[in-house]
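Trainee: Quick note: the sequence shown uses the working numbering, first residue 45, plus one each step. Sharing a structure here in structure tokens format.
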Amino acid sequence: MIQITVLILGAIFAVAGIALFAKRGISGKNSIKVGGMEFQLAGSSLVVFVVGCGLILVAARMQSTAPAQETSGTGNTRTQTPAPELTPPTGFVARFKYRPDMIERTEYERDPGQPAVEKIDDFLRVTAVTFGRDSGGRQIFQITVTLKNTSTLPVQLDLTERFFGLVDNRGKEARLAYFCCSARGDLLSPGQEREIQLFFEGSGWEGKSLSANYLLFRVQGLLPIMSATWKFPTLATRA
């Protein structure tokens with residue numbers, strides 16, 4: 045609003061200066077009386093014109109120095125906030141590796157809207173679960189997932205952490221501390237595998253007098269699998 049006002053004033057002064065020049069040329073007089081005071085047309089018109097040009101330049105500078113803003117799809121102005129970066133747990137030390145018979149797949153549902161794929165059971169597998177602690181003593185569960193292209197055509201990957209979660213049987217969720225590795229646009233050839241590493245941070249799942257009996261690792265919307273769940277026990281220690 046201020047910029048527009050300055051621009052208008054500049055235009056008025058510039059036009060007034062030109063008009064004074066023109067008046068001098070038509071009348072042949074070098075002076076004009078305004079409110080009982082006499083002004084020299086040559087000097088006055090030049091000053092008015094210069095002031096007008098100066099105001100126009102000020103308005104242009106206000107535009108060039110205005111801070112840039114990002115607009116969202118809804119038309120609201122907002123600044124961009126970077127997503128928090130996931131980092132590997134510092135000083136992670138493995139303390140217990142689950143045996144394969146301790147990891148049970150309890151759900152594996154294919155999306156009915158996706159084409160039928162042979163050997164769909166091999167598409168998504170939990171191949172390792174390891175419990176450990178980081179340098180701060182926090183409880184960490186490392187889960188290794190293997191993704192395999194079981195179709196006859198290359199598959200374009202869109203892998204991010206949004207598909208994965210860990211929760212206990214009482215509904216308490218773990219925090220995803222690290223995910224490796226994101227892949228967007230990479231091609232997975234027929235029969236080729238991709239290993240995914242996830243580190244979840246939680247509490248109350250190892251030790252004495254645990255309130256939760258088991259943990260559920262869930263995968264949602266990683267097509268062609270709509271929903272999959274693996275179950276493994278918490279680690280109770282003897283008194």
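All residues carry an ideal CB built from backbone N, CA and C; glycine is no exception. Because the structure is a prediction, the values reported are computed rather than measured.
Can you tell me whether Q236 is buried or exposed? The criterion is at least 16 other CB atoms within 10 Å of its CB, across all chains shown.
Mentor: By the 10 Å Cβ count, Q236 comes out exposed.
Trainee: Output the boundary residues of the beta strand (DSSP E) element that contains T171.
Mentor: It spans L168 to R177 - the beta strand (DSSP E) in which T171 sits, taken as one unbroken run.
Trainee: F208: which of T281, M146, P132 and V263 sits nearest, CA to CA?
Mentor: For the residues T281, M146, P132 and V263, the minimum Cα distance to F208 belongs to V263.
Trainee: Answer with yes or no whether the minimum CB distance from L210 to chain B is below 8 Å.
Mentor: Any reference to chain B falls outside this structure, which holds one protein chain only.
Trainee: Assuming E239 is part of the beta strand (DSSP E), what are its boundary residues?
Mentor: Its beta strand (DSSP E) spans residues E237 to G246.
Trainee: Give the DSSP-derived three-state secondary structure of D202 in the structure shown.
Mentor: Strand, per DSSP.
Trainee: Which stretch, first to last residue, makes up the beta strand (DSSP E) that contains P277?
Mentor: Residues I269 to P277.
Trainee: How about Q183 and S247: do their beta carbons lie closer than 8 Å?
Mentor: Yes, they are a contact pair.
Trainee: Can you tell me the Cα-Cα spacing of S226 and L267, whole angstroms?
Mentor: So the two alpha carbons sit approximately 16 Å from each other.
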